[in-house]
Each structure stands twice: as C-alpha cells, then as structure tokens.
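For the sequence shown, position 41 (counting from the first letter as 1) is numbered 109 according to my numbering, and the numbering increases by one without interruption.
Every residue gets a Cβ at the ideal spot worked out from N, C-alpha and C, and that includes glycine.
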Amino acid sequence: IIGVTSNDPDPILSEIKGDNSLLRKYVEELIRDTRHSIVYVSRSGVLSAIEYMAREEGLPIDVVNASLVTGLFSADLRVMGTENTVLVFTGGMISDPAVMKMILRESKMDRIILGFTKEKILEILLEEENIPVYRIWKRLAKKYGIKISLRAVYNHIRDLEKRGFIRSEIIKDESTGRPRKIYVLNNIAFEFLKR
Numbered sequence: 069i070i071g072v073t074s075n076d077p078d079p080i081l082s083e084i085k086g087d088n089s090l091l092r093k094y095v096e097e098l099i100r101d102t103r104h105s106i107v108y109v110s111r112s113g114v115l116s117a118i119e120y121m122a123r124e125e126g127l128p129i130d131v132v133n134a135s136l137v138t139g140l141f142s143a144d145l146r147v148m149g150t151e152n153t154v155l156v157f158t159g160g161m162i163s164d165p166a167v168m169k170m171i172l173r174e175s176k177m178d179r180i181i182l183g184f185t186k187e188k189i190l191e192i193l194l195e196e197e198n199i200p201v202y203r204i205w206k207r208l209a210k211k212y213g214i215k216i217s218l219r220a221v222y223n224h225i226r227d228l229e230k231r232g233f234i235r236s237e238i239i240k241d242e243s244t245g246r247p248r249k250i251y252v253l254n255n256i257a258f259e260f261l262k263r
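Below you can see the structure in the form of structure tokens.
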C-alpha cells in the first residue's frame with residue numbers, strides 16, 4: 069500500500085484528497101511500476117478510526133492519521149496475508165474541535181446501556197432543575213414505583229457522574245441559606261435521552 073485517499077466530498081476529508089497534480093503523477097507512476105495501491109476511505113470509517121484510537125489507545129489522532137488506520141482495516145488490505153505491516157503516523161493530533169464534536173455526536177449512543185433506574189434518574193433531572201439526591205429518591209418512588217434505599221440512589225448518581233452523564237454543583241439553598249449539592253445533566257445525557 070502506498071497511501072490512502074477519498075472520493076468523498078465531505079470537507080473533513082479534504083486533507084487526504086489527492087488534488088496535488090505533481091504528487092498524483094508521482095504516485096500513479098509508483099503504482100504502475102510496483103505492486104502498491106491506493107486505498108479509498110470513507111468519512112464514517114475515518115471518524116470510527118479516530119474514536120477507536122482515542123478510546124483503545126489513548127491517541128486522539130487527526131484525520132490524516134485516522135485515514136491510515138481506516139485503510140489498514142479496510143477490506144482491500146486482506147490480500148496482504150502474512151506480510152509485515154508498518155503504519156507510519158505523522159504525529160498529528162486532533163486540532164479541530166468540530167471533528168471531535170462530530171465523533172461524539174455520531175458515536176453510537178445505542179451502545180450505551182443504562183439500567184432502568186439510571187434512565188429514570190436522568191428523566192427526573194431533565195424534568196426538574198436544582199434537585200438534590202433526596203428529592204430524586206422521593207420522585208423515583210412516587211412517579212415510577214422504584215422503591216430502593218437512599219444509599220442505592222447515591223450509588224446510581226455516583227456511577228452516572230463517573231460516566232459523564234451528570235455533574236454536581238453546589239448552590240445556596242434559598243430557604244435555609246446553606247450550601248446544597250445538586251445534580252445537573254451533561255450534554256451526553258441529553259444525547260442519550262434523545263435517542
């Protein structure tokens with residue numbers, strides 16, 4: 069394999085399009101004279117590769133490097149058999165926040181599995197703002213018939229916070245004037261509830 073490119077008109081993939089005529093001439097000559105080939109990659113493949121490398125390897129790579137990973141896993145490369153494969157990264161990391169937002173938006177929300185109680189906690193937080201755990205516990209029992217201990221609700225809340233669905237905030241209680249811890253939905257929770 070000599071490289072990767074895309075026919076996709078998506079602006080995200082503009083960095084890997086072979087529009088440079090001098091380079092194209094050189095690459096075409098190389099392909100003609102050797103067994104090498106160009107692999108065509110898609111937008112979804114590149115976004116999946118960025119997500120995979122960030123999640124599995126801890127490397128938030130850019131579109132150019134992600135296209136290499138996509139090419140490596142493409143069906144076109146199955147012909148390589150037992151040959152050694154070397155993947156050369158340029159070292160570029162994601163610098164465009166729009167690409168990361170797109171990955172987060174398009175990452176499969178369906179893969180996220182929450183239990184019934186956690187989903188109902190998110191729904192309660194969506195309906196009511198500035199709500200402490202005690203009120204969440206009461207609402208679970210009254211509205212949904214979920215009768216669990218307050219400690220169990222705290223465990224669910226802690227897990228939702230750890231997974232990034234909610235965050236805690238300290239506010240001043242209007243009736244007592246004392247600080248009070250409340251829980252608020254993060255964007256990932258809104259995306260999850262929209263599905």
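Using only alpha-carbon positions, find the residue among Val131, Ile189, Leu136 and Ala122 that is nearest to Lys211.
Lys211 has its Cα closest to that of Ile189, out of Val131, Ile189, Leu136 and Ala122.
What does DSSP give as the partner residues of Pro247 in its beta bridges?
Note: Pro247 sits in a beta bridge opposite Lys240.
State the Cα-Cα distance for the pair Val221 and Leu208, rounded to the nearest angstrom.
Rounded to the nearest angstrom, the two C-alpha atoms are 9 Å apart.
I believe Tyr251 touches Leu193 by the beta-carbon criterion, under 8 Å. Please report the beta-carbon distance rounded to the nearest angstrom.
In this structure Tyr251 touches Leu193 by the C-beta definition: roughly 6 Å separates them, less than 8 Å.
With a 10 Å radius around its C-beta and 16 neighbouring C-beta atoms as the bar for buried, classify Gly232 as buried or exposed.
Under this definition Gly232 is an exposed residue.
Cβ-based neighbour list, Asn198, same chain, cut-off 7 Å, excluding 5 preceding and 5 following:
Once the five neighbours on either side are set aside, the close Cβ partners of Asn198 are Ile239 and Ile250.
Under the DSSP definition of a beta bridge, which residues are partnered with Leu253?
Bridge partners of Leu253: Ile234.
Cβ neighbour criterion (16 or more within 10 Å) applied to Gly245:
Exposed: under 16 other Cβ atoms inside 10 Å.
What whole-angstrom Cβ distance do Val137 and Ala117 have, given they're in contact under 8 Å?
Contact annotation, Val137 with Ala117: C-beta distance approximately 4 Å; criterion of less than 8 Å satisfied.
Check Ile199 in the structure and name its three-state DSSP category.
In this structure, Ile199 counts as strand in the three-state DSSP scheme.
Pairwise C-alpha distance: Glu191 and Thr185
Thr185 and Glu191: Cα-Cα distance of roughly 10 Å.
Going by DSSP in three states, Val107 sits in which element: helix, strand or coil?
Looking at Val107 - three-state DSSP - the assignment turns out to be strand.
Ser135 burial status per 10 Å Cβ neighbour count (16 or more: buried)
When all chains shown are included, Ser135 counts as buried.
Taking only the alpha-carbon atoms, compute the straight-line gap between Arg248 and Ile204 and give it to the nearest angstrom.
Straight-line Cα distance between these residues: approximately 14 Å.
State the DSSP-derived secondary structure class of Met177, mapped to helix, strand or coil.
Confidence at Met177 is low in this model, with a pLDDT of 48, below 50, so the placement of that residue should be treated as unreliable; the coordinate-derived value is given next. Note: Met177 maps to helix in three-state DSSP.
Simplified DSSP state of Ile216, which is helix, strand or coil:
Residue state, collapsed to three classes: coil.
7 Å CB neighbourhood of Ala257 in its chain, flanking five on each side removed:
Within the same chain, Ala257 has close Cβ partners Leu190, Phe233 and Ile234.
Between the CA atoms of Glu195 and Pro128 - distance to the nearest angstrom
CA-CA distance, Pro128 to Glu195, rounds to 35 Å.
Check Leu115 in the structure and name its three-state DSSP category.
Helix at Leu115.
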